[in-house]
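Anchor point for the sequence shown: position 86 equals 1121 in this note's numbering, and the numbering is continuous, going up by one each time. Even for Gly, the Cβ is constructed at its ideal location relative to N, Cα and C. One structure is given below, encoded as structure tokens.
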Amino acid sequence: MRHSKTFTLVCAAAAAIGAFGAQPNMTPGPGSWYATDAYPGFDSEAGILPRPRKEPGFFSWWSGPKFDTPERQLDWARQCAEDKSYKAARKAYDALVAEWPLSPQAPVAQEELAALCFSKLLDSIDAFEEYKYLLDFYSSQCDYNAIVAKMYDVAMAMREDGKRILFFRFANTVDVRRAFENVVVRAPGASFAPAAMTAAAELLVDDGELEKAVSVYENIRNLYPKSKEANDAVKSEADVRMKLIRDHEYNRARCKDTVAFLKMVKSASSDPALRETLSKYISEASAGLEREAYEAAKFYDSRTRTRNSAINAYERFLREYPASSYADVVRERLAQLKEGAK
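Below is the structure:
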């Protein structure tokens, strides 16, 4: 059975002010969230699904391992890193993982490769991909929680790099946002998950994906109702919803949904500043609804419509908006129409 929008809003209100209870595990397993469809607004496929396993290249004489065992290859990669030959070290680590993916040295080399990309090569984009590869293929052979925490740190660095160089290295902010989404999907119970989800929502706003941003803010409130980010998400969601109806005021369903949301949040909030802001938003959104309803009623008051159609339209308007600023004008016109009907 499909729930009505009103029921959905009531459920959201209950989640926003209800008890949070125990957080789920960080790692995948019983009692944890680990489904991309649990995160409305996220990219459920691109950027989240694992990439193909590394394999030896065609030009093995150049890209392949220098030694014939994974033990000696790992020693060689570490020696290159110690000698500050970071590009050679990167190549050596990568060759080990591709050539001996099932060896005990492979997850060690993969983790050291990711750390090398981040701390020495200063390449946060590649570092994130390498940490992601580590979890995709060696999640049971590494410290899962520690690696996801490092992924969050790298995602933060990616965002700061983007701010500093105006996302010159990215086609847009999508790559950075997907990094934060990856963190949330892999560790929804982590202490930093609400902050990562907030970052994803903010990047959606930056990209003009306002409806998706609203979905993410809603999820923050529902999944982490006792977090600081949930409190912040209420104000951010209200701001984004208002921007949506300002840009698309003709969408009556969106306006009504926004007014219902704003009233719900205001009734549950004890923050005076937030309540004042919400009151202003409610007045603005309600005024837009009244204006649209008035124009719709006037549409029936024309030469091409019957007198009864106009009377019905104006009466319907007064039932819905008896205290509207247009009410006196409507009552006056309605009296004229009814007098003429006699």
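Are the beta-carbon atoms belonging to residue i and residue j less than 9 Å from one another?
| i | j | result |
| --- | --- | --- |
| S1271 | E1237 | yes |
| V1132 | A1141 | yes |
| V1189 | A1214 | yes |
| G1099 | A1073 | no |
| A1184 | A1225 | yes |
| P1229 | K1263 | yes |
| Y1173 | L1151 | no |
| F1147 | A1112 | It is Glu, not Phe, that sits at residue 1147 in the sequence shown. The answer is yes: Cβ separation under 9 Å. |
| Q1145 | Y1179 | no |
| D1336 | Y1356 | no |
| I1346 | L1369 | yes |
| K1247 | L1239 | yes |
| N1217 | M1193 | no |
Pick helix, strand or coil for residue i, following the three-state DSSP scheme.
| i | result |
| --- | --- |
| W1111 | helix |
| N1257 | helix |
| V1208 | Here residue 1208 turns out to be Thr, not Val, going by the sequence shown. Here T1208 sits in coil by DSSP. |
| Y1173 | helix |
| P1229 | helix |
| W1073 | Here residue 1073 turns out to be Ala, not Trp, going by the sequence shown. If DSSP states are grouped into helix, strand and coil, A1073 belongs with the helices. |
| N1266 | helix |
| K1089 | coil |
| A1222 | coil |
| P1307 | helix |
| Y1429 | Since the first and last residues shown for the chain are 1036 and 1377, residue 1429 lies out of range. |
| T1312 | helix |
| T1341 | coil |
| L1372 | helix |
Which residue's Cα is closest to the Cα of residue i: the options?
| i | options | result |
| --- | --- | --- |
| A1149 | A1370, I1182 and D1210 | I1182 |
| L1156 | L1169, Q1140 and K1126 | K1126 |
| I1160 | M1191, G1076, E1146 and V1240 | M1191 |
| Q1108 | W1135, A1265 and S1262 | W1135 |
| G1243 | V1209, A1228, Y1128 and L1258 | V1209 |
| R1326 | N1257, V1220, V1240 and F1352 | F1352 |
| G1076 | M1299, L1372, L1245 and S1305 | L1245 |
| T1104 | Y1187, A1295, R1088 and S1138 | S1138 |
| L1324 | S1359, F1163 and S1302 | S1359 |
| T1233 | R1212, D1274 and A1222 | R1212 |
| R1289 | N1257, S1302, R1256 and V1249 | V1249 |
| L1372 | R1354, A1362, Y1361 and T1341 | T1341 |
| R1086 | K1101, L1170, A1116 and D1110 | L1170 |
| A1273 | V1300, Y1259 and A1362 | V1300 |
Say the cut is 8 Å; is the CB of residue i nearer than that to a heavy atom of the ligand PLP?
| i | result |
| --- | --- |
| L1369 | The ligand PLP is not part of this structure, which contains no ligands at all. |
* To do: Identify every run of the alpha helix (DSSP H) within the segment 1096–1164, keeping only runs that are complete inside it and at least 4 residues long; order them along the chain.
  => 1105–1117, 1121–1134 and 1140–1154
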